[in-house]
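In the UniProt record's numbering, the protein residues as written are 1 to 230.
Down below is the structure, laid out as structure tokens.
Structure, rendered in structure tokens:
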């Protein structure tokens, strides 16, 4: 088992250096050893399955990634019960993969399940709750369900404003809100959101970062609309 843990640690090290082929090899070796030594239902096996699955997702092998991460989630449910925070993390991870795969209905289902567990364990004001709401909002926005997106984004903003270190996420959600308000021709609200997003990004990333420049471009565009009376 110690050899398996060594492989697993090597996989994490390669992950940190974004050497994903090497990390996949290490995690796969760790998984093989853990299964042999600990059996199929051990939580360590679930951890390795999840890490292998995430690496397949990075290679855009989404079907394989979902298969492995779903098996990891099944083991955790058996060992930990349905309401454990690790279950929420597993659901959130699956939702991220499905979201990237553009399987939006399935992703929303898993985000919603993760959100319910995070709320029951951590309350309404935790950063994990806000992260779920942000991703759900982006899916609703892609599907032009703007009212539902606004509900998610506004609640996420409320949480991010309370948290130290939440400025990057807050800037991103405000940018999305600006786009929705612009589509609804609510240009004053749109300008307020884009302006705050720009200020946060400028403070966090610098004036020349691509995200800061993008926010500045939207601020200018909305100001033109307001000044032209359109």
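Heads up, the beta-carbon is just placed ideally off N, CA and C, and yes, glycines get one too.
Between the C-alpha atoms of residue i and residue j, what's the straight-line distance to the nearest angstrom?
i, j, result
"residue 102", "residue 121", "29 Å"
"residue 1", "residue 125", "39 Å"
"residue 181", "residue 198", "16 Å"
"residue 128", "residue 42", "26 Å"
"residue 67", "residue 226", "50 Å"
"residue 57", "residue 8", "18 Å"
"residue 207", "residue 213", "7 Å"
"residue 143", "residue 154", "18 Å"
"residue 231", "residue 211", "Residue numbering for the chain in the displayed model covers 1 to 230; residue 231 lies beyond these limits and cannot be assessed."
"residue 6", "residue 167", "36 Å"
"residue 141", "residue 149", "6 Å"
"residue 32", "residue 69", "16 Å"
"residue 192", "residue 174", "9 Å"
"residue 205", "residue 215", "12 Å"
"residue 231", "residue 176", "Nothing in the structure corresponds to residue 231, since the chain is present only between 1 and 230."
"residue 13", "residue 228", "55 Å"
"residue 111", "residue 36", "33 Å"
"residue 65", "residue 200", "35 Å"
"residue 183", "residue 151", "16 Å"
"residue 134", "residue 78", "29 Å"
"residue 231", "residue 209", "An answer regarding residue 231 cannot be provided, because it is not within the stretch 1 to 230 covered by the chain."
Please list, in chain order, all residues of the same chain as residue i whose beta carbon is under 8 Å from its beta carbon, the five residues on each side excluded.
i, result
"residue 217", "none"
"residue 80", "43, 86 and 87"
"residue 83", "117, 120 and 121"
Measure from the alpha carbon of residue i to the alpha carbon of each residue in the options, then state which is nearest.
i, options, result
"residue 11", "39, 166 and 29", "29"
"residue 169", "146, 196 and 32", "196"
"residue 202", "3, 162 and 171", "171"
"residue 118", "32, 109, 38 and 130", "130"
"residue 178", "194, 79 and 156", "194"
"residue 49", "158, 4 and 82", "4"
"residue 47", "74, 64 and 163", "74"
"residue 187", "219, 159 and 163", "219"
"residue 136", "200, 106 and 123", "106"
"residue 59", "76, 36, 83 and 18", "18"
"residue 61", "175, 205 and 100", "100"
"residue 185", "65, 77 and 221", "221"
"residue 40", "64, 76 and 63", "76"
"residue 63", "200, 164, 160 and 98", "98"
"residue 138", "84, 78, 183 and 104", "104"
"residue 123", "164, 209 and 159", "159"
If you drop the 5 nearest sequence neighbours on each side, which residues of the same chain put their C-beta closer than 7 Å to that of residue i?
i, result
"residue 189", "181"
"residue 55", "20, 23, 24 and 27"
"residue 114", "88, 91, 92, 95 and 132"
"residue 72", "46, 49, 50, 53 and 90"
"residue 162", "125"
Taking 6 Å as the limit between beta carbons, can you name the residues of its chain near residue i, skipping five residues before and five after?
i, result
"residue 224", "none"
"residue 15", "23"
**Message:** List, from N- to C-terminal side, the alpha helix (DSSP H) runs of 4 residues or more that fit wholly inside the region 12-72.
**Reply:** Unbroken alpha helix (DSSP H) runs of no fewer than 4 residues, entirely contained in the region 12-72, are found at 20-38 and 43-58, following chain order.
**Item:** Every unbroken alpha helix (DSSP H) within the UniProt repeat "TPR" (130-163), with a cutoff of 4 residues, ordered by chain
**Value:** Taken in chain order, the whole alpha helix (DSSP H) runs of length 4 or more contained in the UniProt repeat "TPR" (130-163) are 146-162.
**Request:** Let me know the beta strand (DSSP E) ranges lying completely inside the UniProt repeat "TPR" (88-121), each 3 residues or longer, listed in chain order.
**Result:** Taking 3 residues as the shortest admissible run, the UniProt repeat "TPR" (88-121) contains no complete beta strand (DSSP E) segment at all.
**Request:** Could you tell me which uninterrupted alpha helix (DSSP H) segments, each at least 4 residues in length, are contained entirely in the region 192-230, listed from first to last along the chain?
**Result:** Within the region 192-230, the complete alpha helix (DSSP H) runs of at least 4 residues are 210-228.
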